[in-house]
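There are 2 protein chains.
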Amino acid sequence: MADLARELGVSMTTISRALSDHHSIGPAMKQKVLKLAKKYNYQPNRLASALRKGKSQLLGIVVPYIEGRFFPSVVHGIETAASRAGYNVIICQSNEDVAQERRNLDILLSAQVAGILVSLSRTTHDFRHFEKVRSRGLPLVFFDRIVEGDNVNAVVLDDQEGGYVSTRHLLNQGCRRIAHLAGPQHLNIYKNRRQGYLDALREAGLPEDESLILYSDMAQDQGAEGMRQLLALPSAPDAVFAAGDYCALGALQEAHRQGLRVPEDVAIAGFSNETFTVITQPPITTIDQRCEEMGQAAVRLLLEIIEADGRPFTPRQVALRPELLVRGSSDRLPAVPAGPLRDPSAKFIGTLA
Amino acid sequence: MADLARELGVSMTTISRALSDHHSIGPAMKQKVLKLAKKYNYQPNRLASALRKGKSQLLGIVVPYIEGRFFPSVVHGIETAASRAGYNVIICQSNEDVAQERRNLDILLSAQVAGILVSLSRTTHDFRHFEKVRSRGLPLVFFDRIVEGDNVNAVVLDDQEGGYVSTRHLLNQGCRRIAHLAGPQHLNIYKNRRQGYLDALREAGLPEDESLILYSDMAQDQGAEGMRQLLALPSAPDAVFAAGDYCALGALQEAHRQGLRVPEDVAIAGFSNETFTVITQPPITTIDQRCEEMGQAAVRLLLEIIEADGRPFTPRQVALRPELLVRGSSDRLPAVPAGPLRDPSAKFIGTLA
DNA sequence: TTGTAAGCGTTATCAC
DNA sequence: GTGATAACGCTTACAA
């Protein structure tokens, strides 16, 4: 910058203003500066700028890990939304370890990020380290694995809605005995999916039948085992809603082993839209978790807080509407003319309980 | 820092030295400073430090996107290795767009990163924007999608070796007519996998039979179609080496449709270790691309260059040894006692051609 | 519209 | 072993 100033015989102030498009700068001057900057291949130093302004163009992400289908997609969404807004992203993994999570927060604080996005590690039960962030006035948004409560900013998938629409769909296909392969009920996601399932049944006037609900850890072979048990019932179900795709896959494979046709004899639906659900035969109906939208929604919320710039901001919890993907494993009706397109943008459903 | 200095009645210099563990500092003083820093919850400002030192603790990553199985795993490996070495990582996506890739490089330059890791966008055919990086003396390492040549630092998977070990394995299983579902030969990865396949055949004294090599874009249905064609041959193959897992899956499904047993009637092997290969029945033998090791190897190389600190560094190309994962789709022999464990560390095989 | 000068938080240099 | 001071590159009152 000093070079440019010297060469043009103006002050660095003018250079700075021209480069950052300040209002009180002559268009002529601006052009000259920009041209010379290009010629000299001038690279602004964001460190210096951030240091002076006390605000960087960096957002921090803390995730348990960058593997599998979910987190990479969310990070993808975050990076995309952030860079669109002129921010870049520092990414940290906690490896499901609170201590590491704490360290990551410290690092992000000292990197002077403008805001932080966090999905909690599985071992985080004490949330005091987030107080440090809050006390520094640093915008903070949780996603997916969140701190519960209405005094935090958070974005999650509406799992109950997911269980509900999935079960409704099976009902619409004419199924009347719908079993549920449920996950560990101490985890909110599985509890909510089950609740949505029950909601749909009740709404349809069907009885809640505990013999049709089987609990497991949702692994592939547990899905197979579940299906085996269900098919051995005096009156076997005509549909299975599994709270996870691996479990649904096991169920599908077991059904085939027993010579049943899917979806004619038994319809199957899973949850999560794992990559493999489209390559099975038939492909598996499932619920998309809108990973990317979750990332984008989290960034939107974070930017709102950043832009509030210290002014009081009422914490908000956003629940994303899950998307039902109807595929061969549950599609038993003749094709119907398509309805209006679903609005693909992330939805605010309401404040969480 | 100023506060600490005042409270202890010493200069900021002393504080700085105590905090950064400078040699000329009294252990007593050091303890006092550290204690007080803890009490006041002192957070170093890495921006200021980096500005002053002219070097940040940040590495930049540019990838086409963070989706699928490959890139997230590599990023995982990069972040893990980087944070172990005290670095953090800024991640940028090029979305397979050169222009964006160029912009990303500019951003990373202006963020004063200590080094850059790049996997090229598919639309990058002109490499001039990397000159800017080089001319600034900034350490640069390519991975997976690299600039060819021996004047760049690069880490790749040895695809030819992958094709070779895969085919060798099928030979060891007693197969003698081994077909190959090949990918587009203008892409190096597919060309190399095919070459490895041919190498193994030649080594075994088997003829190269072009009627057993089918070319496609490697999609699932193309794998099925390929298998159909192969099975219609006057003398059908007893094994298929597919250059991709989706293609292998299609082949597997088609074999089942035609009532063949896998691996008894026809053995199948894929490439990439996609997640779904373990959930099929039988699970699919494949080649692991060592994504995580690739990330780690790239960081190791980058750190070496960083530590050379401007001193001449001879560019190096590293080829990682792929790992054969033998699974049900090709395992036709009785189990053999396990040999010595394979060294799991990333391997330097040699300079690329 | 432009310039002057101070300062963001740290560290390297040089002197003591 | 410790301190004073300048400097890293940029922005922004305040003044002109």
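Order-wise, the sequence lines are chains A and B. Going letter by letter, the first sequence gives residues 1 to 353 in the UniProt record's numbering. Going letter by letter, the second sequence gives residues 1 to 353 in the UniProt record's numbering. All residues carry an ideal CB built from backbone N, CA and C; glycine is no exception. What you are looking at is a predicted structure, and each value in this text was computed from that prediction instead of being measured.
Helix or strand or just coil, what does DSSP make of residue i?
{"i": "residue 346 of chain A", "result": "Residue placement at residue 346 of chain A is flagged as unreliable, the pLDDT there being 39, under the threshold of 50; the coordinate-derived value follows with that caveat. Correct three-state label for residue 346 of chain A: coil."}
{"i": "residue 15 of chain A", "result": "helix"}
{"i": "residue 142 of chain A", "result": "strand"}
{"i": "residue 88 of chain A", "result": "strand"}
{"i": "residue 10 of chain B", "result": "coil"}
{"i": "residue 279 of chain A", "result": "coil"}
{"i": "residue 334 of chain A", "result": "coil"}
{"i": "residue 232 of chain B", "result": "coil"}
{"i": "residue 171 of chain A", "result": "helix"}
{"i": "residue 33 of chain A", "result": "helix"}
{"i": "residue 25 of chain B", "result": "coil"}
{"i": "residue 222 of chain B", "result": "helix"}
{"i": "residue 257 of chain B", "result": "helix"}
{"i": "residue 149 of chain A", "result": "coil"}
{"i": "residue 192 of chain A", "result": "helix"}
{"i": "residue 55 of chain B", "result": "coil"}
{"i": "residue 1 of chain A", "result": "coil"}
{"i": "residue 49 of chain A", "result": "helix"}
{"i": "residue 300 of chain B", "result": "helix"}
{"i": "residue 159 of chain B", "result": "helix"}
{"i": "residue 200 of chain A", "result": "helix"}
{"i": "residue 206 of chain B", "result": "coil"}
{"i": "residue 274 of chain B", "result": "coil"}
{"i": "residue 165 of chain A", "result": "helix"}
{"i": "residue 249 of chain A", "result": "helix"}
{"i": "residue 310 of chain B", "result": "coil"}
With which residues is residue i paired in a DSSP beta bridge?
{"i": "residue 40 of chain A", "result": "Answer by DSSP bridge pairing: none, since residue 40 of chain A is not bridged."}
{"i": "residue 360 of chain A", "result": "This structure gives no information on residue 360 of chain A, because the portion of chain A shown stretches from 1 to 353."}
{"i": "residue 267 of chain B", "result": "B/239"}
{"i": "residue 154 of chain B", "result": "B/142, B/317"}
{"i": "residue 287 of chain A", "result": "A/324"}
Using 10 angstroms around the beta-carbon of residue i, count the other beta-carbons present and answer buried if the total reaches 16, otherwise exposed.
{"i": "residue 104 of chain A", "result": "buried"}
{"i": "residue 172 of chain A", "result": "exposed"}
{"i": "residue 86 of chain A", "result": "exposed"}
{"i": "residue 227 of chain A", "result": "buried"}
{"i": "residue 176 of chain A", "result": "exposed"}
{"i": "residue 333 of chain B", "result": "exposed"}
{"i": "residue 64 of chain B", "result": "buried"}
{"i": "residue 137 of chain A", "result": "exposed"}
{"i": "residue 187 of chain A", "result": "exposed"}
{"i": "residue 345 of chain A", "result": "Residue confidence for residue 345 of chain A is low, a pLDDT of 43 falling below 50, so the modelled location carries little weight; the figure read from the coordinates is stated next. So residue 345 of chain A ends up on the exposed side."}
{"i": "residue 40 of chain B", "result": "exposed"}
{"i": "residue 223 of chain B", "result": "buried"}
{"i": "residue 294 of chain B", "result": "buried"}
{"i": "residue 244 of chain A", "result": "buried"}
{"i": "residue 249 of chain A", "result": "buried"}
{"i": "residue 183 of chain B", "result": "buried"}
{"i": "residue 28 of chain B", "result": "exposed"}
{"i": "residue 218 of chain A", "result": "buried"}
{"i": "residue 94 of chain A", "result": "buried"}
{"i": "residue 125 of chain B", "result": "exposed"}
{"i": "residue 233 of chain A", "result": "exposed"}
{"i": "residue 11 of chain B", "result": "exposed"}
{"i": "residue 322 of chain A", "result": "buried"}
Which whole-angstrom value is the C-beta distance of residue i and residue j, which I expect to be below 8 angstroms?
{"i": "residue 272 of chain B", "j": "residue 296 of chain B", "result": "Rounded, the Cβ-Cβ distance is 19 angstroms, inconsistent with contact."}
{"i": "residue 302 of chain B", "j": "residue 117 of chain B", "result": "6 angstroms"}
{"i": "residue 330 of chain A", "j": "residue 212 of chain A", "result": "Not a contact, Cβ separation roughly 16 angstroms."}
{"i": "residue 145 of chain A", "j": "residue 119 of chain A", "result": "5 angstroms"}
{"i": "residue 193 of chain B", "j": "residue 163 of chain B", "result": "4 angstroms"}
{"i": "residue 305 of chain B", "j": "residue 89 of chain A", "result": "In fact, because the Cβ distance is near 24 angstroms, the residues do not count as touching under 8 angstroms."}
{"i": "residue 68 of chain A", "j": "residue 292 of chain A", "result": "Their Cβ separation, rounded to whole angstroms, is 15 angstroms, which puts residue 68 of chain A and residue 292 of chain A out of contact at 8 angstroms."}
Counting only runs that start and end within the region 57 to 138 of chain B, where is the alpha helix (DSSP H) found for 4 or more residues in a row?
70 to 84, 98 to 110, 129 to 135
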